[in-house]
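I have placed the structure first, in the form of structure tokens, so that the comments after it can refer back to it.
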Amino acid sequence: MRWLLVAIAAIAIAGLVGCGEREQIAEGKRSYQGKHDSKPWDNEPLSYGSGKWTKGDRPSWEEQIKTRQLGQHEHKRIYQ
Amino acid sequence: MARMKFLCDAERCIECNGCVTACKNENEVPWGVNRRRVVTINDGVVGAEKSISVACMHCSDAPCMAVCPVDCFYKTDDGVVLHDKDLCIGCGYCFYACPFGAPQFPQAGAFGLRGKMDKCTFCAGGPEADRSEAEFKKYGRNRLSEGKLPACAEMCSTKALLGGDGDVIADIYRERVLRRGKGSEVWGWGTAYGPGKPGAQPPVQPPAPPAGTRS
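Chains A and B, in that order, are what the protein sequence lines are. Going by our numbering, the first residue of the first sequence is number 1, and it counts up by one from there. Going by our numbering, the first residue of the second sequence is number 1001, and it counts up by one from there.
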């Protein structure tokens, strides 16, 4: 019975690892040699026309970008 | 985690080149460099012509990054492939590696003199201070830092070109295709690229060999 539980746990761990995602950070498989780039959410929104988010808060910036993306969806933009 | 992608709906693209113009204007791209261009498939075949807008596809495993001898490429947290022009030596390896012909090289003067590589940045600028003059001169406008999407996608009149997080734009495209009401063939080769010649059929996959045999 114990070996069965161990096997199930091992399969579950392997499954979780398989569902993982590689990080998309600036330093990839090969080491980037150039200058550091800042993050887009580390900027203040423009006073006009750029929506709203909190400087440095990634989720709020992503929400703003998502709103903008859904603006491309005419079925939602026009009919709802 | 967002993964920024472009998606072009061949059924909607009317080859107006508005995306090309928007990119040129927004980023003040020099003469001879085309970060984005419109490609015609089945050119001249009546009823089968389709157009798609092509630029850097910001590959998840980008071949340009793999071949760069000076490692000037990097990928942002949103999956946008960018490069450092101060490090680029203009060797052209990335151009040969890219299946989309995205890397462009300004040619100044005679004898094929080649400048530093320039390509679509997904309107995300580059490794300079955001919204600075240096960033604009080297890489163009940083619209992502302004909470906006690439100018080409936002300017597209028929909304054939979608830009943004892959999950979101795939949902938009899926819902659009379902509303077209064509049925199951809507996902097929013919709808995506046109039949090629009149009456032509999509390529047939050879039957899979029976289990246990080796080809």
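Yeah, the Cβ is synthetic: ideal placement off N, Cα and C, and Gly gets one too.
Quick one: Cα of residue i to Cα of residue j, how far?
i, j, result
"histidine 75 of chain A", "threonine 67 of chain A", "14 Å"
"isoleucine 13 of chain A", "lysine 1075 of chain B", "29 Å"
"tryptophan 53 of chain A", "leucine 1149 of chain B", "15 Å"
"aspartate 1165 of chain B", "serine 60 of chain A", "15 Å"
"isoleucine 65 of chain A", "alanine 1124 of chain B", "13 Å"
"glutamine 33 of chain A", "leucine 1087 of chain B", "8 Å"
"phenylalanine 1100 of chain B", "lysine 35 of chain A", "26 Å"
"glycine 1032 of chain B", "glycine 1115 of chain B", "12 Å"
"arginine 1141 of chain B", "phenylalanine 1095 of chain B", "23 Å"
"phenylalanine 1136 of chain B", "cysteine 1059 of chain B", "23 Å"
"serine 1132 of chain B", "cysteine 1008 of chain B", "31 Å"
"alanine 1097 of chain B", "valine 1054 of chain B", "16 Å"
"arginine 1179 of chain B", "aspartate 1171 of chain B", "12 Å"
"serine 1145 of chain B", "glutamate 1154 of chain B", "15 Å"
"methionine 1 of chain A", "isoleucine 1169 of chain B", "48 Å"
"arginine 1143 of chain B", "asparagine 1027 of chain B", "10 Å"
"cysteine 1013 of chain B", "valine 1038 of chain B", "9 Å"
"cysteine 1091 of chain B", "isoleucine 11 of chain A", "47 Å"
"isoleucine 1052 of chain B", "cysteine 1120 of chain B", "16 Å"
"asparagine 1025 of chain B", "phenylalanine 1073 of chain B", "25 Å"
"isoleucine 8 of chain A", "glycine 20 of chain A", "19 Å"
"alanine 1134 of chain B", "methionine 1117 of chain B", "16 Å"
"aspartate 57 of chain A", "leucine 5 of chain A", "42 Å"
"glycine 18 of chain A", "histidine 73 of chain A", "33 Å"
"serine 38 of chain A", "glutamate 1175 of chain B", "35 Å"
"methionine 1001 of chain B", "glutamate 1011 of chain B", "29 Å"
"glycine 15 of chain A", "proline 1207 of chain B", "31 Å"
"glycine 28 of chain A", "glycine 1147 of chain B", "Low confidence applies here, because glycine 28 of chain A scores a pLDDT of 49, under 50, leaving its location unreliable and the question unanswered by this model."
"tryptophan 3 of chain A", "serine 31 of chain A", "42 Å"
Near residue i, what residues of its chain come up, given a Cβ to Cβ distance below 7 Å and the 5 sequence neighbours on each side ignored?
i, result
"lysine 995 of chain B", "Here chain B comprises residues numbered 1001 to 1215, so residue 995 of chain B is not present and cannot be evaluated."
"cysteine 1023 of chain B", "Val1029, Arg1035, Arg1036, Ala1151, Cys1152"
"arginine 77 of chain A", "Gly71"
"asparagine 43 of chain A", "Lys55"
"tyrosine 1173 of chain B", "Leu1007, Asp1009, Leu1162"
"isoleucine 1089 of chain B", "Val1070"
"proline 1063 of chain B", "Ala1097, Cys1098"
"aspartate 1130 of chain B", "Asn1142, Ser1145"
"leucine 1113 of chain B", "Gln1107"
Where does the unbroken alpha helix (DSSP H) through residue i begin, and where does it stop?
i, result
"leucine 16 of chain A", "2-18"
"alanine 1124 of chain B", "Counting along the chain, alanine 1124 of chain B falls outside any alpha helix (DSSP H), and DSSP gives it neither H nor E."
"threonine 67 of chain A", "58-70"
"tyrosine 1139 of chain B", "1133-1139"
"glutamate 1154 of chain B", "1151-1155"
Got a sec, what are the start and stop residues for the beta strand (DSSP E) residue i sits in?
i, result
"aspartate 1165 of chain B", "1161-1165"
"methionine 1004 of chain B", "1004-1008"
Keeping to the same chain, check which residues put their C-beta closer than 6 Å to that of residue i; ignore five residues upstream and five downstream.
i, result
"tyrosine 1093 of chain B", "Val1067"
"methionine 1065 of chain B", "Phe1073"
By Cβ distance, which residues of its chain are closer than 8 Å to residue i, with the 5 residues on each side in sequence left out?
i, result
"serine 1215 of chain B", "Any reading at serine 1215 of chain B must be qualified, since the residue scores a pLDDT of 48, below 50, and its modelled position is unreliable; no value is offered."
"methionine 1057 of chain B", "Lys1005, Phe1006, Phe1100, Ala1102"
"glutamate 1049 of chain B", "Thr1040, Ile1041, Asn1042, Asp1043, Gly1194"
"glycine 51 of chain A", "Pro45, Gln64, Thr67, Arg68"
"proline 40 of chain A", "Trp61"
"arginine 1003 of chain B", "Ser1060, Asp1078, Gly1079, Asp1165, Gly1166, Asp1167"
Check the Cβ-Cβ distances between residue i and every residue of chain C, and say whether any is below 9 Å.
i, result
"glycine 1115 of chain B", "This model lacks chain C altogether, as its protein chains are A and B."
In chain order, which continuous runs of the alpha helix (DSSP H) of length 4 or greater are located wholly inside the segment 1027-1106 of chain B? 1063-1067, 1093-1097
If you pair each beta-carbon of the segment 41-51 of chain A with each one of the segment 1037-1047 of chain B, do three or more pairs fall below 8 Å? Counting C-beta pairs with one atom in each stretch, the segment 41-51 of chain A and the segment 1037-1047 of chain B have fewer than three that are closer than 8 Å, which means they do not touch.
Are the segment 1069-1080 of chain B and the segment 1100-1108 of chain B touching, with three or more C-beta to C-beta distances below 8 Å? no
Take every Cβ of the segment 1008-1019 of chain B, pair it with every Cβ of the segment 1154-1161 of chain B, and state whether three or more of those distances are shorter than 8 Å. Judged by pairs of C-beta atoms under 8 Å, the segment 1008-1019 of chain B touches the segment 1154-1161 of chain B, as three or more such pairs exist.
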